[in-house]
Amino acid sequence: MKRLILILAVLLMLSGTAGAENFQILTTFYPMYILTQNVAGGIDGVQVTNMAEQTVGCLHDYTLQTRDMVLLEEADALVINGGGMEQFMDRVAGAQADLPVIDASQGIEMEPSIEEGLLNAHVWLDPQLAMVQIQNIASGLAGADPAHAEQYRSNAETYIGRLKSLDEEMAEALRPLAGKEIITFHEAFNYLARRYGLVVAGVIANEPGEEPSTRDIAETCDLVARLGIKTLFIEPQYSPTAAKIIAGETGASMYVLDPCVSGNGSPESYEQIQRENVRVLREAFGQ
Ligand SMILES: [Zn+2]
-7 MKRLILILAV
3 LLMLSGTAGA
13 ENFQILTTFY
23 PMYILTQNVA
33 GGIDGVQVTN
43 MAEQTVGCLH
53 DYTLQTRDMV
63 LLEEADALVI
73 NGGGMEQFMD
83 RVAGAQADLP
93 VIDASQGIEM
103 EPSIEEGLLN
113 AHVWLDPQLA
123 MVQIQNIASG
133 LAGADPAHAE
143 QYRSNAETYI
153 GRLKSLDEEM
163 AEALRPLAGK
173 EIITFHEAFN
183 YLARRYGLVV
193 AGVIANEPGE
203 EPSTRDIAET
213 CDLVARLGIK
223 TLFIEPQYSP
233 TAAKIIAGET
243 GASMYVLDPC
253 VSGNGSPESY
263 EQIQRENVRV
273 LREAFGQ
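Letter by letter, the sequence shown follows residues -7 to 279 in the numbering used here.
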């Protein structure tokens, strides 16, 4: 208990040094952090901080940490992915009821998730939907912090311009792969696949936080054999154990696709990761 109080005191001291006159934007996880950095980064008097830095992977099943509660207390606006990705939102309301929450996925129609009753919220991996998220973030921030509205809007426009080039580049590079069936680690790549004409035939993990069961693994082996699939796409944030077993059983090879939920934090990170994903997809299909 004493240790906890000490940690809390240190955290409060650290967060106190950030400067009270700053507009503090908090993002829930890596893709929202990168998108928001591009909209709000480098503006005088505006600070962007990412919440779930201690986690790797998506926010599925993430529970708020002490550090997050401190950051929430300090925040002037919170940017979330939405679509149920942040299942801890009821606790956010408990921490700071009047905090402006910007839902980056507002207006985006989501597909149902494999997990019953949930939505597949991985829309950021489709660059065109990421552009919608950038617009939502910019107008949300403009509303919450009118003093910097112009800068948010013009930064968003610049970033959207970059993602338009990325989208054209991806469409061109993935055109020869249209109709190809892929098996991914979890349901992160459905929107990307849909955009560029690939087909997600199955996933290795129905619940990314848990190791796939023996039964799940057997079912994926059957699917790989039935469809004649030659490659499995694993993710750097999750254990390759199950994929290795499936690869061993079926003779399929493994490649790494990155759902952009962790990285080096640079504003170009999303584009870098997507370009690498395209390179990997092409390589996996012998392009
Ligand atoms: Zn996910």
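For glycine and all other residues, C-beta sits at the position ideal for the given N, C-alpha and C.
Note that this is a predicted model, so its numbers are computed, not measured.
Rounded straight-line distance, which links the Cα of residue j to that of residue i
{"i": "LEU273", "j": "GLU263", "result": "15 angstroms"}
{"i": "CYS50", "j": "ARG187", "result": "21 angstroms"}
{"i": "HIS114", "j": "GLN98", "result": "13 angstroms"}
{"i": "ALA44", "j": "GLU202", "result": "19 angstroms"}
{"i": "SER205", "j": "GLU199", "result": "10 angstroms"}
{"i": "ALA197", "j": "PHE177", "result": "6 angstroms"}
{"i": "ALA136", "j": "GLU275", "result": "44 angstroms"}
{"i": "PRO138", "j": "GLY278", "result": "50 angstroms"}
{"i": "VAL93", "j": "GLY34", "result": "21 angstroms"}
{"i": "GLU78", "j": "LEU111", "result": "12 angstroms"}
{"i": "ALA69", "j": "CYS252", "result": "23 angstroms"}
{"i": "GLN100", "j": "VAL40", "result": "For the record, residue 100 in the displayed sequence is Ile; it is not Gln. Rounded to whole angstroms, ILE100 to VAL40 spans 24 angstroms at the Cα level."}
{"i": "TYR285", "j": "LYS222", "result": "Any question about residue 285 goes unanswered here, given that the chain covers just -7 to 279."}
{"i": "GLY153", "j": "ALA170", "result": "25 angstroms"}
{"i": "ALA165", "j": "MET102", "result": "25 angstroms"}
{"i": "MET61", "j": "MET81", "result": "12 angstroms"}
{"i": "LEU184", "j": "ILE209", "result": "24 angstroms"}
{"i": "THR242", "j": "ALA217", "result": "7 angstroms"}
{"i": "ALA193", "j": "ILE129", "result": "32 angstroms"}
{"i": "ALA180", "j": "GLU142", "result": "33 angstroms"}
{"i": "ILE237", "j": "LEU117", "result": "27 angstroms"}
{"i": "GLU65", "j": "GLY257", "result": "23 angstroms"}
{"i": "TYR247", "j": "GLY220", "result": "16 angstroms"}
{"i": "TYR25", "j": "ASP95", "result": "13 angstroms"}
{"i": "ILE265", "j": "ASN14", "result": "31 angstroms"}
{"i": "ILE175", "j": "ALA89", "result": "41 angstroms"}
{"i": "VAL270", "j": "GLU108", "result": "30 angstroms"}
{"i": "THR20", "j": "GLN57", "result": "12 angstroms"}
{"i": "GLU173", "j": "LEU190", "result": "6 angstroms"}
Residue i beta carbon near ligand 1 (any heavy atom closer than 7 angstroms)
{"i": "CYS50", "result": "yes"}
{"i": "HIS140", "result": "no"}
{"i": "ALA314", "result": "No information on residue 314 is available, as it lies outside the stretch -7 to 279 that the chain covers here."}
{"i": "PRO23", "result": "no"}
{"i": "PRO251", "result": "yes"}
{"i": "PRO119", "result": "no"}
{"i": "GLU104", "result": "Looking at the sequence shown, residue 104 is not Glu but Pro. No - ligand 1 has no heavy atom lying nearer than 7 angstroms to the Cβ of PRO104."}
{"i": "PRO289", "result": "Outside the displayed span of the chain (-7 to 279) sits residue 289, for which this structure offers no information."}
{"i": "PRO204", "result": "no"}
{"i": "PRO92", "result": "no"}
{"i": "PRO168", "result": "no"}
{"i": "PRO232", "result": "no"}
{"i": "PRO259", "result": "no"}
Inter-residue CB distance, residue i and residue j (contact presumed, cutoff 8 angstroms)
{"i": "ILE17", "j": "VAL71", "result": "6 angstroms"}
{"i": "VAL38", "j": "ILE126", "result": "That pair is no contact at about 16 angstroms."}
{"i": "ALA134", "j": "LEU155", "result": "With 8 angstroms as the limit, ALA134 and LEU155 do not qualify as a contact, their Cβ atoms being about 19 angstroms apart."}
{"i": "ALA235", "j": "LEU224", "result": "5 angstroms"}
Write down every uninterrupted run of the alpha helix (DSSP H) in the stretch 133 to 221 whose length is 4 residues or greater and which is fully enclosed by it, in chain order.
141 to 166, 182 to 188 and 206 to 219
Kindly provide the ranges of any alpha helix (DSSP H) runs that are 4 or more residues long and lie completely inside the stretch 83 to 143, ordered along the chain.
119 to 136
Jot down the residue ranges of each uninterrupted beta strand (DSSP E) in the stretch 10 to 76, minimum 3 residues, whole runs only, in chain order.
15 to 19, 38 to 42 and 69 to 72
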